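Chains as they are written, first to last, in my numbering: chain A, 607 to 718; chain B, 14 to 129. So the structure is just underneath, and the comments pick up after that.
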């Protein structure tokens, strides 16, 4: 079965430091992977996606994600964290029925 | 939150009552989705519709019903059969890529449902 896992419920990073939010996936065939961000009491906003091509995908707000096929990972990264990056982040994968399966989310806290 | 409008923002349900959550989109997207969000559980798919007058059950459809009479609208009814309806409900829409696969989803701002 298709699935996606976010092993960390919460990540704390000091402002200005690089951040990584981890995601691993399990799919049959080529994966379609996504990252979304959710601010309090709001809907999800699309950040970036990987379908094919370069393993490093650039997205909104300075975020990027690295696709690693051998490790079945799609970690979200940013070189320098901002306090405003504090939010709930979801990794997602498209399953064989073309539906999106979301991870449980990782809460990112950027400490000033 | 793009062109997807969910209303109301907050909703309270009494015991035995059915309530309907509204979702309207002006993005001309073919597909629409309803998700339920509970703390620590991520998003779970309730129902989805890829075309007008057609919809499919998601992973947790029991106690819910939907209709898709217009492309722009996909209302969700939480029936009295749903015994634990307290959650944050999110509506989304997407458009089909030229490859035939469904593209990224755009979300509304959500409706928070509580039981009185």
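C-beta atoms are modelled at their ideal positions from N, C-alpha and C, and glycine is treated no differently. Given the structure is predicted, the values throughout are model-derived calculations rather than measurements.
Does the distance from the C-beta atom of residue i to that of residue j stay below 8 Å?
{"i": "residue 40(B)", "j": "residue 16(B)", "result": "yes"}
{"i": "residue 699(A)", "j": "residue 613(A)", "result": "no"}
{"i": "residue 69(B)", "j": "residue 60(B)", "result": "yes"}
{"i": "residue 95(B)", "j": "residue 76(B)", "result": "yes"}
{"i": "residue 87(B)", "j": "residue 62(B)", "result": "yes"}
{"i": "residue 115(B)", "j": "residue 703(A)", "result": "no"}
{"i": "residue 67(B)", "j": "residue 81(B)", "result": "yes"}
{"i": "residue 73(B)", "j": "residue 43(B)", "result": "no"}
{"i": "residue 655(A)", "j": "residue 670(A)", "result": "no"}
{"i": "residue 644(A)", "j": "residue 696(A)", "result": "yes"}
{"i": "residue 632(A)", "j": "residue 609(A)", "result": "yes"}
{"i": "residue 124(B)", "j": "residue 22(B)", "result": "yes"}
Against residue i, what residues of chain B qualify as contacts under a CB-to-CB distance less than 8 Å, listed in chain order?
{"i": "residue 650(A)", "result": "56, 103, 105, 118, 120"}
{"i": "residue 600(A)", "result": "Residue 600(A) lies beyond the stretch modelled for chain A, which goes from 607 to 718, so this question has no answer here."}
Using the beta-carbon of each residue, which ones in chain B are nearer than 9 Å to residue i?
{"i": "residue 647(A)", "result": "22, 101, 122, 123, 125"}
{"i": "residue 640(A)", "result": "117, 118"}
Taking the alpha carbon of residue i as the reference point, which residue from the options has its own alpha carbon closest?
{"i": "residue 751(A)", "options": "80(B), 52(B), 28(B)", "result": "A query on residue 751(A) cannot be resolved here, the shown segment of chain A reaching from 607 to 718 and no further."}
{"i": "residue 128(B)", "options": "110(B), 111(B), 114(B), 100(B)", "result": "100(B)"}
{"i": "residue 658(A)", "options": "667(A), 639(A), 644(A)", "result": "639(A)"}
{"i": "residue 716(A)", "options": "610(A), 631(A), 680(A), 626(A)", "result": "626(A)"}
{"i": "residue 628(A)", "options": "706(A), 694(A), 690(A)", "result": "694(A)"}
{"i": "residue 668(A)", "options": "678(A), 686(A), 607(A)", "result": "686(A)"}
{"i": "residue 672(A)", "options": "611(A), 666(A), 662(A)", "result": "662(A)"}
{"i": "residue 689(A)", "options": "616(A), 611(A), 623(A), 615(A)", "result": "623(A)"}
{"i": "residue 31(B)", "options": "111(B), 97(B), 107(B), 93(B)", "result": "93(B)"}
{"i": "residue 18(B)", "options": "85(B), 107(B), 38(B)", "result": "38(B)"}
{"i": "residue 674(A)", "options": "660(A), 701(A), 617(A), 618(A)", "result": "660(A)"}
{"i": "residue 677(A)", "options": "718(A), 618(A), 630(A)", "result": "630(A)"}
Just to make sure I have the definition right: I need the residues of chain A whose C-beta is within less than 8 Å of the C-beta of residue i. Which are they?
{"i": "residue 77(B)", "result": "Within chain A, no residue comes near residue 77(B); the closest Cβ sits about 16 Å away, beyond 8 Å."}
Mind listing the chain A neighbours of residue i? Cutoff is C-beta to C-beta under 9 Å, in chain order.
{"i": "residue 61(B)", "result": "705"}
{"i": "residue 53(B)", "result": "615, 710, 711"}
Under a CB-based cut-off of 8 Å, is residue i close to chain E?
{"i": "residue 76(B)", "result": "Within the model displayed, chain E is absent; protein chains A and B are what it includes."}
### Query
Taking any Cβ of chain A, which residues in the segment 92-115 of chain B have a Cβ under 7 Å from it, in chain order?
103, 114, 115
### Task
Name, going along the chain, the residues of the segment 683-703 of chain A whose beta-carbon falls closer than 8 Å to a beta-carbon of chain B.
696, 700
### Task
Give a yes or no on contact between the segment 642-649 of chain A and the segment 114-122 of chain B, applying the rule of three or more CB pairs nearer than 8 Å.
yes
### Task
Answer yes if the segment 97-114 of chain B comes into contact with the segment 40-50 of chain B, meaning at least three C-beta pairs across the two stretches below 8 Å, and no otherwise.
yes
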